[in-house]
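In the working numbering, the protein residues as written are 1 to 138.
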């Protein structure tokens, strides 16, 4: 997974935000062939959704990658439970590792932080690639 983390660092250093980095790393490493429109949509999720400090962009990006793999295009295709189950499972793994989902909390010294955005991007990317491969989702 060191190659995944290295790629995440490259994307971050090139100016990508946390959500963009996770999505692009997974797109490359898992050969997802996501359309440019997807990558464009992700660009507003950095900094906890447009810099608001809410849901961590790395986690948000991970959820979008999972949605691209297990999501549905109509309610008849899958149940909400089928769509949500792998996302909830990954979110629990992520929460166990980082202890919070809010960008503002993750960066706060009062809450045991700050967690480095670079570490969040690299670790989330590696965790997600591993999760997807183990689950056979891609």
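A virtual CB, placed ideally from N, CA and C, is assigned to each residue, including glycine.
Boundaries of the alpha helix (DSSP H) in which residue i is found, first to last residue
i	result
residue 118	117-135
residue 19	18-29
residue 39	36-42
Identified DSSP bridge partners for residue i
i	result
residue 55	102
Cα-Cα separation, residue i to residue j
i	j	result
residue 136	residue 66	12 Å
residue 61	residue 75	23 Å
residue 78	residue 17	31 Å
residue 8	residue 71	24 Å
residue 120	residue 22	9 Å
DSSP state of residue i mapped onto helix, strand, coil
i	result
residue 79	coil
residue 107	coil
residue 66	helix
Any non-hydrogen atom of the ligand NAP within 7 Å of residue i CB
i	result
residue 108	Absence of the ligand NAP from the depicted structure is noted, as is the absence of any ligand whatsoever, leaving it without description.
Does the stretch 86-97 come close enough to the stretch 24-34 to have 3 or more Cβ pairs within less than 8 Å? no
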